[in-house]
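In my numbering, the protein residues as written are 81 to 212. Just so it is clear, CB atoms sit at the ideal spot from N, CA and C, and this is done for glycine as well. Here the structure is a predicted model, which means the values were calculated and not measured. What follows is a short report on a single structure.
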Amino acid sequence: MQLSIKIITAFLIFAFLTTAIYGVTKDTGKPVNENTAASLLTGLNSDNRGLKTSCAYFLGEFKVTKAIIPLMRILKNNKDEKIRIAAALALYKIGTPMSIFAVKQAGRFDDSERVRKLSSKFYYDYLINLDK
Numbered sequence: 081m082q083l084s085i086k087i088i089t090a091f092l093i094f095a096f097l098t099t100a101i102y103g104v105t106k107d108t109g110k111p112v113n114e115n116t117a118a119s120l121l122t123g124l125n126s127d128n129r130g131l132k133t134s135c136a137y138f139l140g141e142f143k144v145t146k147a148i149i150p151l152m153r154i155l156k157n158n159k160d161e162k163i164r165i166a167a168a169l170a171l172y173k174i175g176t177p178m179s180i181f182a183v184k185q186a187g188r189f190d191d192s193e194r195v196r197k198l199s200s201k202f203y204y205d206y207l208i209n210l211d212k
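And the structure:
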């Protein structure tokens with residue numbers, strides 16, 4: 081059983097990396113494939129900390145708006161501050177009013193000083209770049 085979980089995790093990581101490297105470039109502005117977005121959203125529910133963090137990061141990079149609610153849930157409820165920081169960064173990169181509000185609130189109310197500081201920095205950066 082343990083081996084099959086490792087194989088599935090390795091396959092998912094390979095699929096994510098392949099998609100990230102070859103699937104979308106910032107130069108072309110191509111939207112992310114629906115299957116890729118679905119896989120990344122599935123990865124957010126993983127028990128694997130690295131996979132969850134990577135999925136959050138790439139959902140932000142690809143600006144997947146379907147990920148806003150799951151990322152907000154992670155930012156509010158996850159016990160691991162590194163995962164919460166990845167969720168805050170992803171929400172900042174998605175950049176919708178709802179996602180930015182979640183980052184602002186984390187900067188004010190999160191239990192972790194580190195998450196509060198980084199969320200505040202993300203929000204401050206958003207405010208600075210609003211006019212650009």
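Rounded to whole angstroms, the Cβ separation of residue 167 and residue 136 is 5 Å, and the two are in contact under 8 Å. Separation of residue 183 and residue 172 (C-alpha to C-alpha, rounded to the nearest whole angstrom) is 7 Å.
Ranked by Cα distance from residue 144, the first of 193, 124 and 188 is 124.
Distance from the CA atom of residue 149 to the CA atom of residue 113, rounded to whole angstroms, is 19 Å.
Secondary structure of residue 157 (DSSP, three-state): helix. In terms of Cβ geometry, residue 174 and residue 120 do not form a close pair [threshold 9 Å]. With distances taken between CA atoms, residue 130 lies nearest to 161 out of 157, 177, 161 and 156.
In terms of Cα proximity to residue 146, the closest of 117, 154 and 158 is 117.
Residues 187 of the same chain have their beta carbon placed closer than 7 Å to that of residue 200, with the five preceding and five following residues left out of the count.
Straight-line spacing of the CA atoms in residue 132 and residue 211 works out to 33 Å. When the beta-carbon positions are compared, residue 164 and residue 192 come within less than 9 Å of each other. Burial check for residue 142: the Cβ neighbour count within 10 Å reaches 16 or more, so the residue is buried.
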